[in-house]
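Chains as they are written, first to last, in my numbering: chain A, -16 to 76; chain B, 1406 to 1604; chain C, 10 to 248; chain D, 3 to 252. Backbone N, C-alpha and C fix where the C-beta goes; we use that ideal spot for every residue, glycine too.
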Amino acid sequence: MDTDRTAARRITAAWLAACALTVTSAVVATVTDSAEHEASTLVSILVLGLGAAKAWLILDEFMEIRVAPTWLRAAARGWLAVLVVGIVVLYLQ
Amino acid sequence: MNTLWDRFEGVMVRGEEDDRIAGDFNMWVFVLGDLVIFGAYFVVFMVHRFHEPELFRASQGHLNLLIATLNTIVLLTSSQLVARAVHAARQGDDAAVRRLITQAGGLGALFVVLKVTEWVIEISRGYTLPSDEFFMFYFCLTGVHLLHVLLGLLIFGVVLHEIRQGSGRRVTLVEAGATYWHMVDVIWVLLFAVLYLLR
Amino acid sequence: MNISAQSISLWLAAVFGTVLVAAFVLFPGFLPPMSPEMSSGEVAEFYAENKTWIRTSMVVFDFCCVMLLPLFMVVVHHIKRMRTSTDVFAYCYLSAAASGATILAIANLFWLIAAFRPERNPELLVLLNDLAWITFTAPVGMIIAQNLCLALAVYLDQRPDPVFPKWVGHFNIATAVLTAPAACAAMFKSGPLAWDGLISFWLRLTLFAAYIAVMFFMLRRAMRHEALELQRAPELVPA
Amino acid sequence: MSATTETRPAPAAATSTDTLEGKRDLSICWWITVVFYGLFGVIFVPLTRLMPPPGPDMSTAQITEYFQGNRTGIQIGFVVLMVAIGGAAIAAGLIAYQMTLMSVSKIYAYSYITTLAVGALPGCLLGALAFLAAVFRADTDPEVLVLLYDVAFLTFVGSLGCFATNYLVFAVAVLQDRNGIFPRWLAYVAIWQIVTEVLAAPVFVFRSGPFAWNGVISFWEGTILFGIFLGALIRLSRTAIRRQPIEAVA
């Protein structure tokens, strides 16, 4: 495991990144409220991607999936990937 | 003896401890299970959204995005506090762990307060559970998530109690509590994206 | 201390058992038992005519049928005294007795509800009457489970002087087997298996009465044995 | 309820006897539990077709046809259930007994057994009785059939409290238990069950969609998770029986 100081820094970095992603996705979603159909579909895909990135960050940094045994890492990441792809596919129908 | 299946059998059936995994193995069964269940909820939501995208988009407009975004920040902050608490617990710094967990619990309580106010606003404007399909999903999904947040606060209480008792298992307990709380955070992040932002 | 508890429970069952038989005789629907093939007119007329007797007898019935529960708890106590490897049968017996008593408690409520407004639409009276009779007769599973657990406990009991003689086990098995066909009362409207028939009504109820009587005397015998045992070595057997 | 023997069995140490020998009463109860729940599945799915449930939004004519069409199946299935329902009580007794072996107070075991004793009626028997009453006569008025249809499904899918308490008590007991009678992850599966009970609450509001009594979330998810929980409980109960050291029966 990395030393105490770098661990703390990694957590803060992951936290700030997640907050930034939240705010940007909220702003982007509200800005394109009035836009016509094509733009909002594209934006929705972007928003989903940002959400997935946040989830990946939490899994990797906070839940320490990065250093977990392979089966657990595969299970967690596999779940996230399958779910997000499923949502996008269902959204695009 | 230690093929994967045998270790799996050992932990799952004979309840032996497997320390290579962060936190308590049993908690991971709960977390992964819950993620799969919530995943099913999202898929069902998307299928029903597919049938009536216009209704869902219209009703979604009535949601209060400000409180939801604020709530996401609150939960993310609480989550990173818990992550710090895990590292402090590994250093054996009980005082820091107690402080961080209490702060995280406080933010969790704030999340509950914000969520209930958001509901009250929605209900006061006439959007209740049976009013239409979107709000049925909205109240049920955020309701079940709120139930998980309350369960998380209860777990923090148990962790604080165990630390005050100085029980030998407190590092595993803090890790298990952290794993659970992060799972609640992951679910909220996805819920926020799908319920609030998906236009 | 637990001897007096046992004797109180047994006398509760004895006294209220007899009152139960009286209520049974007074209920106009039991002697002779109402036929499932009565038309809605006849059912409406039955309730209109006998509503006072139906109400009194069913209220008394509702009072007394759950008073038998303490007797079943005395049985649970004696199962725990048996030296089988574990006392799992005591817990199973308790669980079955609890659910069984609830079923009886619900059954007579349907009669009382029907008799409350005899001027009701006859179709609804038929429905309530059907529900009452089916709930009263068909669910025999709990009694079967009780008897089965007691019988198994008696067979597996390895005490030098067993709590109950082996024939009590056979008696329990026999009662369970002969009560089982009463479940078919929910299928047939005529013949011995109907709810007024020989097997589902007469055999089942006489067997139930006989079962309570026999267990009453066997429990008194087991209680006396336990009292003797307590005098000889009080510290051995915990309270 | 004083136990005759106060010896607390040793926790699941390696030395425990891993056999079924000498524990005939436990294995009898275990086999009765397995047979009962197998029968339960056969009765409720193929025979009476109460599960998977037809929707609450069926018309009166469809409901009448649903009953008349499967009259014999319903009668045979539920008569067998009337005889076999005792298996549920024996299953409750077995698990409650195993909970008395835990290092926790017996209050949990007593609560476990009483919640199931209560739950057996509204949760299972009342629905069966309503169905039997519905098909008892060929000429029952359709309005009465719709009433009995609602009584059956709303009691079967909608009785929440007794089972939620049961799962809660079981989860708390398993989490606090130091003797490791059941592994802790089973307690977490029980907590899922509580969540599915909460999610079954909307069946009293909705007639269609995922939260109706035949909805994907309120019914299917709860049933699938119940299947997982029951399978795990029965399998782990067997392990607990095998690992339980028994003093030599004199």
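Kindly give me the distance between the Cβ atoms of residue i and residue j, rounded to whole angstroms, as I take these residues to be in contact under 8 Å.
i	j	result
glycine 75/D	leucine 49/D	5 Å
glycine 1582/B	valine 1554/B	About 13 Å separates the two Cβ atoms, so there is no contact after all.
valine 11/A	leucine 29/A	7 Å
leucine 1578/B	valine 1589/B	So it is not a contact: roughly 17 Å between Cβ atoms.
alanine 59/A	isoleucine 48/A	5 Å
leucine 1481/B	alanine 1493/B	Contact flag wrong, Cβ pair sits at about 19 Å.
Note down the Cα distance separating residue i from residue j, rounded to an integer number of angstroms.
i	j	result
histidine 1566/B	arginine 1495/B	18 Å
threonine 116/D	glycine 200/C	38 Å
phenylalanine 217/C	threonine 27/C	13 Å
threonine 66/D	threonine 1477/B	51 Å
alanine 22/A	threonine 167/D	50 Å
glycine 1573/B	phenylalanine 213/D	44 Å
leucine 134/C	alanine 141/C	10 Å
leucine 136/C	valine 97/C	40 Å
glycine 1510/B	phenylalanine 138/D	58 Å
glycine 224/D	threonine 198/D	5 Å
asparagine 249/C	threonine 241/D	In the structure as shown, chain C starts at 10 and stops at 248, and residue 249/C therefore has no counterpart that could be examined.
phenylalanine 1544/B	leucine 1534/B	6 Å
tryptophan 1586/B	isoleucine 1528/B	28 Å
valine 1525/B	valine 159/D	29 Å
arginine 51/D	leucine 21/C	44 Å
isoleucine 153/C	valine 85/D	7 Å
leucine 1600/B	glutamate 1459/B	14 Å
threonine 102/D	asparagine 181/D	11 Å
lysine 108/D	leucine 235/D	19 Å
glutamine 4/C	glutamine 1508/B	Here chain C comprises residues numbered 10 to 248, so residue 4/C is not present and cannot be evaluated.
glycine 32/A	leucine -1/A	17 Å
threonine 7/D	aspartate 166/C	Unreliable placement is indicated for threonine 7/D, whose pLDDT of 37 sits below 50; no coordinate value is reported for it.
Per DSSP, what kind of secondary structure is residue i in: helix, strand or coil?
i	result
asparagine 181/C	helix
lysine 175/C	helix
glycine 160/D	helix
threonine 50/D	coil
alanine 14/D	Because the pLDDT at alanine 14/D is just 40, under 50, the model does not fix this residue reliably, and the value given afterwards should be weighed accordingly. DSSP places alanine 14/D in coil when its eight states are reduced to three.
valine 72/A	helix
methionine 43/C	coil
asparagine 216/D	coil
serine 49/C	helix
valine 207/D	coil
threonine 1522/B	helix
glycine 38/C	coil
leucine 1534/B	coil
alanine 140/D	coil
isoleucine 152/C	helix
asparagine 72/D	coil
aspartate 43/A	helix
valine 1441/B	helix
arginine 129/C	coil
Classify residue i as buried or exposed, calling it buried when 16 or more other Cβ atoms lie within 10 Å of its own Cβ.
i	result
alanine 16/D	Residue confidence is low: alanine 16/D scores 37 on pLDDT, short of 50, so the model does not pin down where it sits. Its coordinate-derived value is still stated next. So alanine 16/D counts as exposed.
arginine 186/D	buried
arginine 1575/B	buried
leucine 162/D	buried
threonine 65/C	exposed
glutamine 64/D	exposed
aspartate 20/D	exposed
glycine 217/D	buried
alanine 1598/B	buried
proline 58/D	buried
glutamate 23/D	exposed
aspartate 139/C	buried
alanine 135/D	buried
Answer yes or no: the CB of residue i versus the heavy atoms of the ligand HEM, is any distance below 8 Å?
i	result
serine 239/D	Judged by which ligands are present, the structure shown has none, so any question about the ligand HEM falls away.
Inset, instruction - Could you run through the region 25 to 38 of chain D and flag, in chain order, every residue whose CB is less than 9 Å away from some CB of chain B? - result: none
Legend entry - Residues of the region 133 to 148 of chain C whose Cβ lies closer than 8 Å to any Cβ of chain D, in chain order: Leu133, Val135, Leu136, Asp139, Leu140, Ile143, Thr144, Ala147, Pro148
Inset, instruction - May I ask you to list, following chain order, the residues of the region 202 to 231 of chain D that have a beta carbon less than 8 Å from some beta carbon of chain B? - result: Pro204, Val207, Phe208, Gly211, Pro212, Phe213, Val218, Ile219, Glu223, Leu227
Inset, instruction - Compile a chain-ordered list of the residues in the region 1514 to 1535 of chain B whose CB is closer than 9 Å to at least one CB of chain D. - result: Leu1534, Pro1535
Inset, instruction - With 7 Å as the C-beta to C-beta threshold (strictly closer), list the residues of the region 67 to 78 of chain C near chain D in chain order. - result: none
Legend entry - Contact list for the region 158 to 186 of chain D against chain B, Cβ threshold 7 Å: Gly182, Pro185, Arg186
Inset, instruction - Please list the residues of the region 109 to 142 of chain D that have a C-beta atom closer than 9 Å to any C-beta atom in chain B, keeping them in chain order. - result: none
Inset, instruction - Would you list, in chain order, the members of the region 106 to 132 of chain C that have their beta-carbon closer than 8 Å to a beta-carbon of chain D? - result: Ala107, Ser108, Thr111, Ile112, Ile115, Glu132
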